[in-house]
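Engineer: The structure follows.
2 protein chains.
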Amino acid sequence: MEKLSKAARAGAIVKVLIDSPNRMFTLSELAELLGAAKSSLSEDLSIIRATFEKLDLGKLETLAGVSGGVRFVPMRSQQYLVNLVRDLCSRLADPSRKVGNGYLFLNDVLNDPQLLFKLAEAIAGRFVLANVDAVVTVETKGIPLALSVARHLSSQLVIARREIIFSEDGVPMPVTRQESTVAEGAVLSVAFESGSHRGVQSMSLPRRSLPQGARVLIVDDFLRAGGTLRGLGDLLAEFSSTVVGTVVLVESQKPSIKLIDDYLSVIKLGEADGKIYVLPGNII
Amino acid sequence: MEKLSKAARAGAIVKVLIDSPNRMFTLSELAELLGAAKSSLSEDLSIIRATFEKLDLGKLETLAGVSGGVRFVPMRSQQYLVNLVRDLCSRLADPSRKVGNGYLFLNDVLNDPQLLFKLAEAIAGRFVLANVDAVVTVETKGIPLALSVARHLSSQLVIARREIIFSEDGVPMPVTRQESTVAEGAVLSVAFESGSHRGVQSMSLPRRSLPQGARVLIVDDFLRAGGTLRGLGDLLAEFSSTVVGTVVLVESQKPSIKLIDDYLSVIKLGEADGKIYVLPGNII
Chain U
1 MEKLSKAARA
11 GAIVKVLIDS
21 PNRMFTLSEL
31 AELLGAAKSS
41 LSEDLSIIRA
51 TFEKLDLGKL
61 ETLAGVSGGV
71 RFVPMRSQQY
81 LVNLVRDLCS
91 RLADPSRKVG
101 NGYLFLNDVL
111 NDPQLLFKLA
121 EAIAGRFVLA
131 NVDAVVTVET
141 KGIPLALSVA
151 RHLSSQLVIA
161 RREIIFSEDG
171 VPMPVTRQES
181 TVAEGAVLSV
191 AFESGSHRGV
201 QSMSLPRRSL
211 PQGARVLIVD
221 DFLRAGGTLR
231 GLGDLLAEFS
241 STVVGTVVLV
251 ESQKPSIKLI
261 DDYLSVIKLG
271 EADGKIYVLP
281 GNII
Chain S
285 MEKLSKAARA
295 GAIVKVLIDS
305 PNRMFTLSEL
315 AELLGAAKSS
325 LSEDLSIIRA
335 TFEKLDLGKL
345 ETLAGVSGGV
355 RFVPMRSQQY
365 LVNLVRDLCS
375 RLADPSRKVG
385 NGYLFLNDVL
395 NDPQLLFKLA
405 EAIAGRFVLA
415 NVDAVVTVET
425 KGIPLALSVA
435 RHLSSQLVIA
445 RREIIFSEDG
455 VPMPVTRQES
465 TVAEGAVLSV
475 AFESGSHRGV
485 QSMSLPRRSL
495 PQGARVLIVD
505 DFLRAGGTLR
515 GLGDLLAEFS
525 STVVGTVVLV
535 ESQKPSIKLI
545 DDYLSVIKLG
555 EADGKIYVLP
565 GNII
């Protein structure tokens, strides 16, 4: 391969590192990929590290020496997260988002890949030192944010399944599982009392989806009373998991007493005089 | 800001462009971000473009001139995709994946953010010129791949909801919707005949989630007979969508006649003599 210039190497290194956040690359690996000497790579990495720090683009963690290596660690400044959250709040303050009686239309925000990517990078930065093995969420709406966070942490994504066991009059009833669940092998379930709905729901996780004793970060879309997340905590206890944190995108101000504590919320929804208002959550 | 070196600028430019794939940045925007002259940036971009091409890292599309701009377009070579698919096939050939009667455990693969990211980048490359407004999937298992593809295409993600309306004996029955769906406003539904299950299912999409006449790419996890995807096609027709393509992660060889055509599959599952085998799909 023709020798690359310093700038060419720097550009290529950044693409390779960022494509696999949190993965340690050895200098030998990079040297082979780029057809460059390890000594040149060390210099390149110093330049990139300093530039990323200066421009608040994340951290490069380097291990010195010939047997050294490097990984990209997605860590943004607190100010970066503050700006993101404020932008989100103004986007959500648009009155046309009001649907029905006291609800906000959030689907587009929950499913905006670019916004989720940026938020997730900032959220992941908070937990990057906690050695997270898996990001766990409850289907369905939390999946996009949870996946985005998992990607930045290089963790597995694990999705707990929620069984819908309400009839019209609130009486629990069995629901036939989709055929695809046959392919999941043995499944662990817990029943839990929902904080907001009447009655009992159930949540499950295939045994194979999460190893015993994993360090997990819980990421979900919405926190009202916290019944679902408390149920998830019970389910994770069956896997002897250590929960290193809980992050929700939206927290509703009511009820003010939640069934879980120590959570981080990106934004908070309140209601007063029939109007919905959007505030930054406790993450900033 | 202190002036950055050429290598420093190249590293920073790559991070900024890759964080927002398919977004056009003007030279002025980059110049302000990096405190650099537009003429220097033009040179940097030529170097990065040539390097990315040489190393198969994707394309840089540049508009020449002072009023010019640049965007990162995720396009990998066919060989890159072939290697990914072959790796995936060997990963799935592990006999311990067999669960129950003729099923493969796929959850870890479906939820592996790093693998999905790479696959999605390669898939997105196939549709990057098709001006995709939205990537549409059916909850739940297709969401992670669909989100990953949507991110690379800078498209919105849209998730159709599937109603579970089977009782134990196959009789359709109503299910109470989760409270969160109240926040979605008016919803369009279609009933469809499932190809693999007996009877009728229903699928829905909030009116607000997809504008009329959008160009959509369908991405899902599993294709058996194709009833669900045909139902999704009917639902999308109600939104006057143009479907530019359909991609599934796994296609099952049986039944051999599918209810949809013109789809791309990443891998194919077959069964012979009670053994499951894994083959590359028609995407390679």
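Line order of the protein sequences matches chains U and S. Going by our numbering, the first residue of the first sequence is number 1, and it counts up by one from there. Going by our numbering, the first residue of the second sequence is number 285, and it counts up by one from there. For every residue, glycine included, the Cβ atom is placed at its ideal position computed from N, Cα and C. Keep in mind that this is a model prediction, so the values were computed, not measured.
(1) Given this structure, state the Cα-to-Cα distance separating Ala291(S) from Gln78(U), to the nearest angstrom.
(2) Does the distance from the CB of Phe419(S) to the CB of Val357(S) come in under 8 Å?
(3) Can you list the residues of chain U that Thr526(S) reaches, using a CB-CB cut of under 9 Å?
(4) Mark Glu463(S) as exposed unless 16 or more other C-beta atoms lie within 10 angstroms of its C-beta, in which case mark it buried.
(5) Do Val422(S) and Ala444(S) have their C-beta atoms closer together than 8 Å?
(6) Measuring straight from C-alpha to C-alpha, what distance separates Lys15(U) and Ile297(S)?
(7) With a cut-off of 8 Å, do at least 3 Cβ pairs link the region 87–95 of chain U to the region 196–216 of chain U?
(8) Within 10 Å of its beta-carbon, does Ala120(U) have 16 or more other beta-carbons around it, so buried, or fewer, so exposed?
(9) Less than 8 Å separating the beta-carbons of Ile143(U) and Ile427(S)?
(10) In this structure, does DSSP put Lys118(U) in helix, strand or coil?
(11) Residues of chain S with CB under 9 Å from Glu251(U), in chain order?
(12) Check whether chain U comes within 8 Å of Leu339(S), counting only Cβ atoms and requiring the distance to be less than that.
(13) Just to check my reading of the structure: Val248(U) and Leu223(U) have Cβ atoms closer than 8 Å, yes? What is that Cβ distance to the nearest angstrom?
(14) In or out: Ala320(S) buried (at least 16 other Cβ within 10 Å) or exposed?
(15) Since I believe Gly226(U) is in contact with Leu259(U) (beta carbons under 8 Å), could you give me their beta-carbon distance rounded to a whole number of angstroms?
(16) Tell me whether Asn391(S) is buried or exposed, calling it buried when 16 or more other Cβ atoms sit within 10 Å of its Cβ.
(17) Could you pull out every residue in the same chain whose Cβ sits closer than 7 Å to the Cβ of Ala10(U), ignoring the five residues on either side in sequence?
(18) Which residues bound the alpha helix (DSSP H) around Asp261(U)?
(19) Helix, strand or coil for Val132(U), going by three-state DSSP, please let me know.
(20) Measuring only between beta-carbons, confirm whether Ile18(U) sits less than 8 Å from chain S.
(21) Sort out for me which residues DSSP pairs Arg161(U) with in a bridge.
(22) Can we count Val250(U) as close to the ligand GTP, meaning its CB is less than 7 Å from some heavy atom?
(23) Could you give the C-beta distance for Thr246(U) and Leu264(U), rounded to a whole number, given that I count them as a contact under 8 Å?
(24) Can you check whether the C-beta of Ile332(S) is within less than 8 Å of a C-beta belonging to chain U?
(25) Am I right that Val562(S) and Cys373(S) are in contact with their C-beta atoms under 8 Å? What's the rounded C-beta distance?
(26) Pick helix, strand or coil for Phe105(U), following the three-state DSSP scheme.
(27) Lys299(S) bridges to which residues according to DSSP?
(28) In chain U, which residues lie with their C-beta within 7 Å of the C-beta of Thr335(S)?
(29) What are the boundary residues of the alpha helix (DSSP H) that includes Phe52(U)?
(30) Mind listing the chain S neighbours of Gln212(U)? Cutoff is C-beta to C-beta under 7 Å, in chain order.
(31) Using C-beta distances below 7 Å, list every residue in its chain close to His152(U), excluding the 5 sequence neighbours before and after it, in chain order.
(32) Spatial neighbours of Ile18(U) within its chain, please: C-beta separation below 7 Å, excluding the five flanking residues on both sides.
(33) Going by DSSP, what residues sit across from Tyr561(S) in a beta bridge?
(34) What is the DSSP secondary structure of Ile218(U), counted as helix, strand or coil?
(35) Determine, for Leu115(U), whether the minimum Cβ-Cβ distance to residues of chain S falls below 8 Å.
(36) Comparing alpha-carbon positions, which option in Gly515(S), Ala475(S), Arg410(S) and Met487(S) lies nearest Val550(S)?
Structural biologist: On the basis of the supplied data:
(1) When rounded, the distance between both Cα atoms is 27 Å.
(2) Per the sequence shown, residue 419(S) should be read as Val rather than Phe. Against a cut-off of 8 Å, the Cβ pair of Val357(S) and Val419(S) comes out as no contact.
(3) Against chain U, a Cβ distance below 9 Å from Thr526(S) picks out nothing, because the smallest value is about 20 Å.
(4) Bear in mind that the predicted position of Glu463(S) carries a pLDDT of just 43, short of 50, making it unreliable; the figure below should be weighed with that in mind. Exposed.
(5) Remark: C-beta atoms of Val422(S) and Ala444(S) approach each other more closely than 8 Å.
(6) If you take the alpha carbons of Lys15(U) and Ile297(S), they lie about 10 Å apart.
(7) Taking 8 Å as the limit for Cβ pairs, the verdict is that the region 196–216 of chain U does not touch the region 87–95 of chain U.
(8) That one is buried.
(9) Taking 8 Å as the Cβ cut-off, Ile143(U) and Ile427(S) qualify as a contacting pair.
(10) Lys118(U) sits in a helix when the DSSP states are folded into three classes.
(11) Correct list: empty, because the minimum Cβ distance to chain S is about 14 Å.
(12) It does: the Cβ of Leu339(S) has a partner Cβ on chain U nearer than 8 Å.
(13) Val248(U) to Leu223(U), Cβ: 4 Å. Contact.
(14) If you draw a 10 Å sphere on the C-beta of Ala320(S), you find 16 or more other C-beta atoms in it, and that means buried.
(15) That pair is a contact at about 4 Å.
(16) Counting the other CB atoms within 10 Å of its CB gives Asn391(S) a total of 16 or more, which places it among the buried residues.
(17) Cβ neighbours of Ala10(U) beyond the five flanking positions: Asp44, Ile47 and Ile48.
(18) Segment: none, Asp261(U) is in no alpha helix (DSSP H) and carries neither H nor E.
(19) In the structure shown, Val132(U) adopts coil according to DSSP, grouped into three states.
(20) Yes, Ile18(U) counts as interfacial toward chain S.
(21) Note: Arg161(U) sits in a beta bridge opposite Ser204(U).
(22) As presented, the structure is devoid of all ligands, the ligand GTP included, so that no description of it is given.
(23) Contact between Thr246(U) and Leu264(U) is confirmed by a C-beta separation of about 7 Å, below the 8 Å threshold.
(24) So yes, Ile332(S) belongs to the interface.
(25) Rounded, the Cβ-Cβ distance is 5 Å, consistent with contact.
(26) Residue state, collapsed to three classes: coil.
(27) Partner(s): none; Lys299(S) has no beta bridge.
(28) Simply Leu4, Ala8, Gly11 and Ala12.
(29) Its alpha helix (DSSP H) spans residues Lys38 to Lys54.
(30) Those do not exist, as Gln212(U) stays about 15 Å from chain S at its closest Cβ, beyond 7 Å.
(31) Exclusion of the five residues before and after His152(U) leaves Pro21, Pro74, Ala120, Glu121 and Ala124 as the residues of its chain whose Cβ lies within less than 7 Å of its Cβ.
(32) Closer than 7 Å at Cβ, skipping near neighbours: Phe72.
(33) Listed as beta-bridge partners of Tyr561(S) by DSSP are Gly554(S).
(34) DSSP places Ile218(U) in strand when its eight states are reduced to three.
(35) Taking CB atoms only, Leu115(U) has no neighbour in chain S less than 8 Å away.
(36) For Val550(S), the nearest C-alpha among the options comes from Arg410(S).
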